[in-house]
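Novice: For the record, in the sequence shown the residue sitting at position 599 is 599 according to UniProt numbering, with numbers rising by one throughout. In this text, a Cβ means the ideal position worked out from N, Cα and C, and glycines have one as well. Below is a structure I'd like to ask you about.
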Amino acid sequence: MEEERKYLIVSYVMCMAALAAFTSYAVISYTLHLFRQKHDQDAVEFITARGTQSKWRIMYSFFASAVGAWCLVAPSQFAIFTGIVGLAMYAFSAGFPILLVALFGNRIQTMHPDVVSISDFAGKRFGPVFRSVVSLLAEYTTMGSLFKDFVGSVNYPVIIVVGVLTMAYTAYGGLYISILTDQIQAMLTILFIAILSIFVAATFREPLETPLPESLGPNRAGYSAIFSMPCSLLAATVMSEAFWQKVWAGADQKAVRFGGIGASMLVSCAVFLFGFAGWLASWGGLVVWDYDEEGSPVINPNLYLFQVFKTADANDGTGDQPARVRSWIGVVALMMAITMNASAVDSYQSGINASFTSHFFRDQHVSFSRTMVLLVNIPLMIVALQGYPILSLFLITNMLTTCCFLPMLSGILGGAWPSTKRWITESAALCGCFTAILTTCGYGAGRWYHEDQDFKGNVFLTRGEAFRYGIYYAWYGNVNYEWHYFLTAAGSSVVGMLLWAGCAYLFRRTTGWEGPGVSAVMQRLPGFRFITGGGIGVDLLACITRGRHTYHAHGTAVDVSKPPVSCPGLNKASDSDNGLDSSPTKVALQLEALPPSPPAVVVMQSKGQDV
1 MEEERKYLIV
11 SYVMCMAALA
21 AFTSYAVISY
31 TLHLFRQKHD
41 QDAVEFITAR
51 GTQSKWRIMY
61 SFFASAVGAW
71 CLVAPSQFAI
81 FTGIVGLAMY
91 AFSAGFPILL
101 VALFGNRIQT
111 MHPDVVSISD
121 FAGKRFGPVF
131 RSVVSLLAEY
141 TTMGSLFKDF
151 VGSVNYPVII
161 VVGVLTMAYT
171 AYGGLYISIL
181 TDQIQAMLTI
191 LFIAILSIFV
201 AATFREPLET
211 PLPESLGPNR
221 AGYSAIFSMP
231 CSLLAATVMS
241 EAFWQKVWAG
251 ADQKAVRFGG
261 IGASMLVSCA
271 VFLFGFAGWL
281 ASWGGLVVWD
291 YDEEGSPVIN
301 PNLYLFQVFK
311 TADANDGTGD
321 QPARVRSWIG
331 VVALMMAITM
341 NASAVDSYQS
351 GINASFTSHF
361 FRDQHVSFSR
371 TMVLLVNIPL
381 MIVALQGYPI
391 LSLFLITNML
401 TTCCFLPMLS
411 GILGGAWPST
421 KRWITESAAL
431 CGCFTAILTT
441 CGYGAGRWYH
451 EDQDFKGNVF
461 LTRGEAFRYG
471 IYYAWYGNVN
481 YEWHYFLTAA
491 GSSVVGMLLW
501 AGCAYLFRRT
511 TGWEGPGVSA
521 VMQRLPGFRF
531 ITGGGIGVDL
541 LACITRGRHT
551 YHAHGTAVDV
561 SKPPVSCPGL
571 NKASDSDNGL
581 DSSPTKVALQ
591 LEALPPSPPA
601 VVVMQSKGQD
611 V
């Protein structure tokens, strides 16, 4: 017990010291950057760091964002269920989407050099926000599991410390400061991976079962991963704002391309090594499937990888007890985990902030961007304490993004062929997404409707239970990533999009009339402009400070003491004095007709025509 307490204290001291060091480095480096620039960032700089980062920083930032603490959990779990084939596909699928993001990103910047987010380009709010939110939840949940089960401590302190410190420096410097810390964290992560790999190679001497167990060798689940993993991880990466931000931050297209190539290779290697450690621990008999009296697994599935670090001194070299920190290598593993966690968490915080800011707070002062960092993360930290299974969390977002990424990508590709714009419309893309979601629910329900028991052997009492379980399994229970669920989601999205496009074409040919798009139909609804990213239309900071605020953008003083006419209570001039018609139906059009000030964020808007 005394030995356990000693390593518990060492683990906390070292990990908290590492977090404090990252925060200090971030704050000091960014403060020096501000002194050199002689002005604070505006909103666009805060969420994009546009054109400021070299190829090496882009590579390290891509890598650090991709290999969060989830890498210590998901690959090892997946490898134990799907075998060596599934592990290989997981490693490949984790890396190559980063390269595609870099290549697509260069294309997007060529077409629209002023975009600030993937949602800004595609007009799809649902994908980036949800993917970033769930990924951030997974980061916090993973760190909670590590300190609750591996260290033998409660999970609250580390989740609070990681969340608060990363929030603090991300709110201070935005994406620029996130990339600064990514560089150091990526280097340390690579060093820690090398140390742990050498340790396992030199010390792992557990007897290995022969022949190789069926679950660890080539099996049906592994072959299923040949399609499901590339499809799901490509969809998740393409819809993640955290990765697209690196594209906007790159100094030029060469920097982005170099960073994407280098990071994709590093990520694939890292994911394979983490998964292989869990796979090796299972082969050596260090992972068992026993349950305690309360029905909980003896070994937390989130911690299968750490079983490989067990030694004969610590736990008698058997797999019936979970590994604990009993040596220096356990402390190193935790140092790596906290480093990876911090690097990914601040990236997802920046991504979520970019999504919210560019959508709801365009043309606002950077103070609102900083405030959003805090507002969107505190609830996530609370939810993360629930300790949901990581693979299940990722399954939800991977299924949702699989339903939506092909319609979105078709819009990106459509920029190269203008003639496709009459087919790939807003309505067609939305129809594809909703068709995929409904079809996936129906497919899951149909597959389980005639079954007598669920995946764990629990008997269905009614057909209604089987129906509900089928939907549950499709979105949360399919942790083996069965390929046909992903094929159903991806394929039905394309079918739905093409069906709408075909019907719209026949309608145009028959009637000669261009039907309205979804935006045109809904634009008369109250609040539609704000919900769809049109911004608030007033300077909120001027309203809050009652017109007594001046801030600096790019070194030039901007006087907001004369707020926009629509700022309530600050300007008593009548609408007629300003040449405005105050009728409610014309306000939105009049605001858009006003001479625009330099925008903080540019968001693409639908023209309202389904053409």
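Helix, strand or coil for V479 per DSSP?
Specialist: Three-state DSSP puts V479 in coil, outside helix and strand.
Novice: Does the beta-carbon distance from A102 to G259 come in below 8 Å?
Specialist: Result yes, Cβ atoms of A102 and G259 sit closer than 8 Å.
Novice: Suppose you measure from the CA of G442 to the CA of G502; what does that come to, to the nearest Å?
Specialist: Each residue's Cα considered, the two are about 24 Å apart.
Novice: Mapping the DSSP letters down to three states, classify V459 as helix, strand or coil.
Specialist: Strand.
Novice: Could you give the distance in angstroms between the alpha-carbon of S61 and the alpha-carbon of I47?
Specialist: Each residue's alpha carbon lies about 15 Å from the other.
Novice: For R257 and F22, I'd like the C-alpha separation in whole angstroms.
Specialist: Going from the Cα of R257 to the Cα of F22 covers about 27 Å.
Novice: CB A225 to CB V85, shorter than 8 Å?
Specialist: For A225 and V85, yes; Cβs fall inside 8 Å.
Novice: Give me the DSSP bridge partner(s) of G515.
Specialist: Paired residues: none, contrary to the question.
Novice: Taking 7 Å as the cut-off, is the beta-carbon of L506 closer than that to any non-hydrogen atom of the ligand MN?
Specialist: This structure simply doesn't include the ligand MN, nor any ligand for that matter.
Novice: For G250, list the residues DSSP reports as bridge partners.
Specialist: In DSSP, G250 forms a bridge with Q53.
Novice: Just verifying my parser: in three-state terms, what is the DSSP assignment at Q41?
Specialist: Correct three-state label for Q41: coil.
Novice: Could you spell out where the alpha helix (DSSP H) holding G222 opens and where it closes?
Specialist: Segment 220-238, the alpha helix (DSSP H) holding G222.
Novice: Tell me whether R50 is buried or exposed, calling it buried when 16 or more other Cβ atoms sit within 10 Å of its Cβ.
Specialist: Buried, by the Cβ-count rule.
Novice: Between A520 and Y473, what straight-line distance do the alpha-carbon atoms span, to the nearest angstrom?
Specialist: Their backbone Cα atoms lie some 37 Å apart in a straight line.
Novice: CA-CA distance, S343 and D182?
Specialist: So the two alpha carbons sit approximately 6 Å from each other.
Novice: So, for A466: in the same chain, excluding its five sequence neighbours on each side, which residues have a beta-carbon less than 7 Å away from its beta-carbon?
Specialist: For A466, where only same-chain residues beyond five positions count, the Cβ hits under 7 Å are W448, Y449, E451, F460.
Novice: Count the other CB atoms, across all protein chains shown, that sit within 10 Å of the CB of Q41; report buried if there are 16 or more and exposed otherwise.
Specialist: Under this definition Q41 is a buried residue.
Novice: Roughly how many angstroms lie between the CA atoms of Q307 and L273, to the nearest whole one?
Specialist: Answer to the nearest angstrom: the Cα atoms are 14 Å apart.
Novice: Is S54 closer than 8 Å to A251 when the C-beta atoms are compared?
Specialist: Their beta carbons are under 8 Å apart, which means A251 touches S54 by this criterion.
Novice: By the DSSP assignment, the alpha helix (DSSP H) with W70 in it spans what residues?
Specialist: W70 -> no alpha helix (DSSP H), and no H or E assigned at all.
Novice: Report buried or exposed for V266, applying the criterion of at least 16 other Cβ atoms within 10 angstroms of its Cβ.
Specialist: At residue 266 the sequence reads Leu, which differs from the Val that was named. The residue in question, L266, is buried, as its Cβ has 16 or more Cβ neighbours within 10 Å.
Novice: Could you say if the stretch 195-214 and the stretch 323-333 meet the contact criterion of at least three C-beta pairs nearer than 8 Å?
Specialist: Contact holds: three or more Cβ-Cβ distances are below 8 Å.
Novice: Between which residues of its own chain and F486 is the CB-CB distance below 6 Å, once the five residues before and five after are set aside?
Specialist: Result list for F486: S228, C231, S232, T402, in chain order.
Novice: Rounding to the nearest angstrom, what Cα-Cα distance links A600 and T52 in this structure?
Specialist: Unreliable placement is indicated for A600, whose pLDDT of 39 sits below 50; the coordinate value is still reported in the next sentence. Rounded to whole angstroms, A600 to T52 spans 17 Å at the Cα level.
Novice: Do C71 and M340 count as a contact pair if the criterion is CB distance below 8 Å?
Specialist: A contact, by the Cβ cut-off of 8 Å.
Novice: Taking Y481 as the reference, which of P75, L32, M14 has the closest Cα?
Specialist: It is P75.
Novice: Using the C-alpha atoms, what's the distance from E45 back to T357?
Specialist: Taking the straight line joining both Cα atoms gives about 12 Å.
Novice: Tell me which residues share the same chain as P97 and place their Cβ nearer than 7 Å to its Cβ, disregarding the 5 neighbours each side in the sequence.
Specialist: Here the set comprises L233, L234, T237, V238.
Novice: Nearest-angstrom Cα distance between V13 and W423?
Specialist: C-alpha separation (whole angstroms): 59 Å.
Novice: Can you tell me whether T110 is buried or exposed? The criterion is at least 16 other CB atoms within 10 Å of its CB, across all chains shown.
Specialist: Flag for T110 reads exposed.
Novice: Alpha carbon to alpha carbon, what distance is there between A17 and S492?
Specialist: Spanning the two alpha carbons is a distance of roughly 50 Å.
Novice: Is the distance from the Cβ of Y25 to the Cβ of G173 below 8 Å?
Specialist: No. Outside cutoff.
Novice: Select from L438, M497, F35 the residue whose C-alpha is nearest the C-alpha of W475.
Specialist: Nearest C-alpha to W475: L438.
Novice: What does the Cβ neighbour count give for K6, buried or exposed, with the cut at 16 atoms within 10 Å?
Specialist: Result: exposed.
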